[in-house]
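Chemist: Under full-length UniProt numbering, residue 293 is the last one in the sequence shown; the count climbs by one each step, no gaps.
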Amino acid sequence: MENVLAVLNLGDFAQAFSKMGMFPVFDLAYYIVSILYLKYEPGSVEVSRRSPVASWLCAMLYCFGSYILADIMLGSSPLDYFQHNSHILLASAVWYLIFYCPLNLFYKCVAFLPVKLVLVALKEVVRTRKIAAGVHHAHHAYHHGFFIMVIVGYVKGSGVALISNFEQLLRGVWRPETNEILNMSFPTKASLYGAILFTLQEAHWLPVSKSTLILVFTLFMATSKVVMTARHSHGSPFALIESWVCHLLFGSPLAGSEEDHHHASSPAAPSSPLKTKEELSEGARKRKAKKAE
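1) Between the C-alpha atoms of A16 and G157, what's the straight-line distance to the nearest angstrom?
2) Please classify G153 as buried or exposed, where buried requires at least 16 other C-beta atoms within 10 Å of its C-beta.
3) Report all residues from its chain with a CB closer than 6 Å to the CB of S76; omit the five preceding and five following residues, and keep chain order.
4) Tell me the DSSP secondary structure of H144 in three-state form.
5) What residue range does the alpha helix (DSSP H) around W95 cover?
6) Is the beta carbon of A161 sitting closer than 7 Å to the one on E180?
7) Using beta-carbon positions only, say whether T199 and V110 come within less than 7 Å of one another.
8) Helix, strand or coil: how does DSSP classify V135 here?
9) On the DSSP letters alone, give me the boundaries of the alpha helix (DSSP H) that N183 sits inside.
10) Do P78 and I68 have their C-beta atoms within less than 7 Å of each other?
11) If you reduce the DSSP assignment to three classes, tell me which class V208 lands in.
12) Locate the alpha helix (DSSP H) running through I32, then write down its first and last residues.
13) Locate the alpha helix (DSSP H) running through Y62, then write down its first and last residues.
14) Measuring CA to CA, which of F217, F238, K19 is closest to A121?
15) Step through the CB atoms of chain C and report whether any lies within less than 7 Å of the CB of R49.
16) Below 7 Å between beta carbons: does that hold for A29 and C63?
17) Between C246 and L38, what straight-line distance do the alpha-carbon atoms span, to the nearest angstrom?
18) For A70 and V208, which I take to be in contact (beta-carbon distance under 8 Å), what is that distance rounded to the nearest angstrom?
19) Have a look at I241 and L248 and give me their C-alpha separation to the nearest angstrom.
20) Could you check the C-alpha separation between A222 and L169 for me, to the nearest Å?
21) Using the C-alpha atoms, what's the distance from Y193 back to D12?
22) Check this for me: beta carbons of S191 and I131, under 7 Å apart or not?
23) Could you check if G159 is buried or exposed, using at least 16 other CB atoms within 10 Å of its CB as the buried criterion?
24) Return the first residue and the last residue of the alpha helix (DSSP H) that E242 is part of.
25) Anyone know if the C-beta pair for L219 and A14 falls short of 7 Å?
26) In its own chain, which residues sit with a C-beta less than 7 Å from the C-beta of H139, not counting the 5 before and 5 after it?
27) Please classify S66: is it buried, with 16 or more other beta-carbons within 10 angstroms of its beta-carbon, or exposed?
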């Protein structure tokens, strides 16, 4: 891969890309998309009216939950990240605009699909950096703890989803069936696979530089998420491989069993385009609002 990049003269670009600062543009996109998905969740708008403090705490968990969980796992204070005042203030401003902007103007702008696709792509740039940083941090603390590196990188990339049940309690909702370990979404799976790749690179078992891996994995994540968001799909690019591997190792295809269960539970359901969990929640919230009117 390094030879290919050398021929295409992309080595310098990969190096520059890996050193590019995330604040404020990329972090801003990350906060917007994260809090946008929070607003899609059932009961989030009601909580923002009834208890702004609880709503703000939920927004901070959506933005910084991965840092909090990783700090706890590495023996640091879960409040460490809150010393970054500029990040907290920026995320708080985004939270206020999405939930309280007059006429919902800010929400309508960032939820507009072309704008949302750009923001989603920028968010995946931050996710990849967080995975790489998590693996690197764990490597310094545990030089030969490869499983720890994978776990910390995984948590840094998908910590928000992993603590979603705790965040639900702050909103007064309890849905244990949404446990991310039991029903892993594409970003969670991709974070796990990315953590494995970056751990192999950190251990010098993967013959590519970190900057190259960051560039390639970012392109994969951004492209996948943009396509899935544009198609309103919750499918996974890994589905075919996972089905084959699960059939080979565990005797049953993972994707097939999920589809069979879905059809068995709703045999009369009409065919419709697949939608993400966030969009389904947003549709339910809008219908509820119309009934209230």
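Ideal Cβ positions, reconstructed from N, Cα and C, are used throughout, including at glycine.
Modeler: The short version:
1) 22 Å
2) buried
3) none
4) coil
5) 85 to 100
6) yes
7) no
8) helix
9) Taken as a continuous stretch (DSSP letters only), N183 belongs to no alpha helix (DSSP H), as it is neither H nor E.
10) yes
11) coil
12) 25 to 40
13) 52 to 73
14) F217
15) No chain C is part of this structure, which consists of one protein chain only.
16) no
17) 32 Å
18) Actually they are not in contact, since the Cβ atoms of A70 and V208 sit about 24 Å apart, beyond 8 Å.
19) 11 Å
20) 31 Å
21) 26 Å
22) yes
23) buried
24) 239 to 250
25) no
26) M149, E202
27) buried
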